[in-house]
Amino acid sequence: MLLLLLAAPGVATAAEGLHSCSTAVDGTSATGRCEGRGTFRLLASCADGTTVDSSWLSISNGTGRTRIRCRSTATNAWIEQR
Numbered sequence: 115m116l117l118l119l120l121a122a123p124g125v126a127t128a129a130e131g132l133h134s135c136s137t138a139v140d141g142t143s144a145t146g147r148c149e150g151r152g153t154f155r156l157l158a159s160c161a162d163g164t165t166v167d168s169s170w171l172s173i174s175n176g177t178g179r180t181r182i183r184c185r186s187t188a189t190n191a192w193i194e195q196r
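Taking my numbering, I'd label the letters of the sequence shown as residues 115 to 196.
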């Protein structure tokens with residue numbers, strides 16, 4: 115018996131894409147992590163009005179983590195996906 119599974123165009127399967135992304139700020143640093151497959155970077159707003167960002171991080175069916183620092187207190191962090 116042959117079983118054929120097809121995904122419709124534009125519909126991600128469970129094994130594709132990033133998921134379970136999270137961020138945290140602590141003092142002057144921000145950390146971010148995602149699971150799955152894809153490319154992301156971490157951005158953070160700082161108390162002095164600046165924004166800092168990490169380099170792009172690509173993962174394939176795993177977990178990626180990154181950390182960045184502000185010169186002042188980190189106030190907010192978020193993940194940007196490509």
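Note that beta-carbon positions come from the ideal geometry of N, C-alpha and C, so glycine has one too.
- Counting other Cβ atoms within 10 Å of its Cβ, A161 stays below 16 and is therefore classed as exposed.
- Here N175 has R151 as same chain residues with Cβ atoms under 6 Å from its own Cβ, once five neighbours each way along the sequence are excluded.
- By the C-beta density criterion, R147 is buried, having at least 16 other C-beta atoms within 10 angstroms.
- Under DSSP, S172 takes part in a beta bridge, and its partners are T153.
- Per the DSSP secondary-structure output, D140 pairs in a beta bridge with S143.
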